[in-house]
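Step one of this worksheet: look at the structure below.
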Amino acid sequence: MGPLSGLKIVEVAGIGPAPFAAMMLSDMGADVIRVDRLENSNGGDPAAPPSDIFNRGRRSIALNLKSAGGLKTLLDLIGQADAVMEGFRPGVAERLGFGPEVCQEINPKLVYGRMTGWGQDGPYALTAGHDINYIALAGVLAHLGREGEKPTPPINLVGDFGGGGMLLAFGLVCALLEAGRSGQGQVVDAAMVDGSASLMTMVWGFKAMGMWSDDRGTNLLDTATHFYDTYECADGNFVSIGSIEPQFYAELLKHTNLEQVYVDLGEPMPTQMDKAKWPEMKAHL
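Written out as structure tokens, the structure is:
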């Protein structure tokens with residue numbers, strides 16, 4: 142039993158972020174019924190590999206949504222559900238016959254969740270894209286990487302899963318809470334480019350306060366400092382160090398020879414936040 146026990150959600154299967162959102166809801170106890178495309182099902186063979194690594198914890202049914210019978214079965218399921226979610230390109234669900242207007246006419250309390258890269262409208266709405274494209278346009282990618290090097294994509298965690306699937310799941314839970322109060326459903330329209338931009342709130346705030354530079358790899362949390370970075374070890378592996386607060390920085394000094402370096406040089410030890418000395422201290426460390 143989880144906090145979402147008792148809720149029934151229909152997931153029209155897609156790839157990546159939307160199934161991840163459905164998995165999260167299922168993990169929290171929701172009864173998620175996954176509707177697979179008939180041609181993508183495993184034919185009922187339990188030994189066949191799953192078509193999606195995120196399909197744990199839910200029942201599934203394979204339907205041909207281009208057929209009248211398949212669409213009717215889907216709409217019957219939606220009529221009994223608290224929420225439905227899909228991750229098609231804009232207009233596809235409407236063209237197949239299960240867009241928000243149709244579904245909410247059948248079930249006014251229904252929460253309709255949809256996931257796209259660029260949103261339902263706008264100049265890029267029908268354009269193909271991947272995580273790297275969404276986080277680039279959102280202004281995320283420009284800040285990832287080291288000084289003097291090109292931006293480094295953080296695999297597809299930020300756009301697809303952080304800014305996409307997790308925020309879709311969060312939006313659905315919020316909308317389900319409201320539907321429980323008012324009896325009125327709504328559409329949760331999650332776009333990965335929007336979610337990625339939202340995840341940058343801290344950076345935009347620091348920048349507004351004059352505490353963040355657009356120059357990649359020159360800031361407190363983007364590998365500029367000697368006390369927040371990774372270092373190669375003697376065995377070829379790597380260690381991560383994150384010693385921002387004074388008490389943790391004191392621990393870093395205690396377990397390294399950085400203070401002794403400056404004693405040997407006959408120079409005063411720079412303060413932790415002396416930005417001009419960060420490259421020098423990193424080299425010593």
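In the numbering used here, the protein residues as written are 142 to 426. Glycine is no exception: its CB is placed at the ideal position from the N, C-alpha and C atoms. It should be emphasised that the depicted structure is a prediction, and the values quoted were computed from it without experimental measurement.
Label residue i either buried or exposed according to how many other C-beta atoms from any shown protein chain fall within 10 Å of its C-beta, with 16 as the threshold for buried.
i    : result
G300 : buried
N398 : exposed
P187 : For P187, the pLDDT reaches just 46, beneath the cut-off of 50, and the residue's location in the model is therefore unreliable, leaving the point undetermined.
E227 : buried
F379 : exposed
T371 : exposed
F161 : buried
P409 : exposed
L215 : buried
P264 : exposed
R255 : buried
I194 : exposed
M333 : buried
G389 : This sequence places Phe at residue 389; Gly is not what is there. Per the 10 Å Cβ criterion, exposed.
E152 : buried
S337 : buried
E421 : exposed
Q245 : buried
M164 : buried
M142 : exposed
According to DSSP, is residue i helix, strand or coil?
i    : result
K291 : coil
I382 : strand
A442 : There is no way to answer for residue 442, as the model of the chain reaches only from 142 to 426.
A224 : strand
R230 : coil
R200 : strand
K149 : strand
M142 : coil
P187 : Per-residue confidence for P187 stands at a pLDDT of 46, beneath the threshold of 50, marking its modelled position as unreliable; the derived number appears in the next sentence. Here P187 sits in coil by DSSP.
Would you list the residues sitting across from residue i in a DSSP beta bridge?
i    : result
I219 : DSSP, once it has assigned bridges, lists no residue as partnering I219.
D172 : K149
R178 : L204
Assuming the contact rule is C-beta atoms closer than 8 Å, residue i and residue j should be a hit. Round their C-beta distance to whole Å, please.
i    : j    : result
L145 : L179 : Between L179 and L145 the Cβ distance is about 28 Å, and since that is not below 8 Å, they are no contact.
P158 : F302 : 6 Å
G324 : K250 : 6 Å
M341 : A277 : With 8 Å as the limit, M341 and A277 do not qualify as a contact, their Cβ atoms being about 12 Å apart.
Y253 : V329 : 7 Å
L393 : I382 : 7 Å
Alpha helix (DSSP H) segments (min. 4 residues) lying fully within the region 241–306 = Qualifying alpha helix (DSSP H) stretches, in chain order: 241–247, 272–278.
Where in the region 343–422 do unbroken runs of the alpha helix (DSSP H), each at least 4 residues long, occur, reported from the N-terminal end onward?
-> Whole alpha helix (DSSP H) segments, 4+ residues: 387–396, 399–406.
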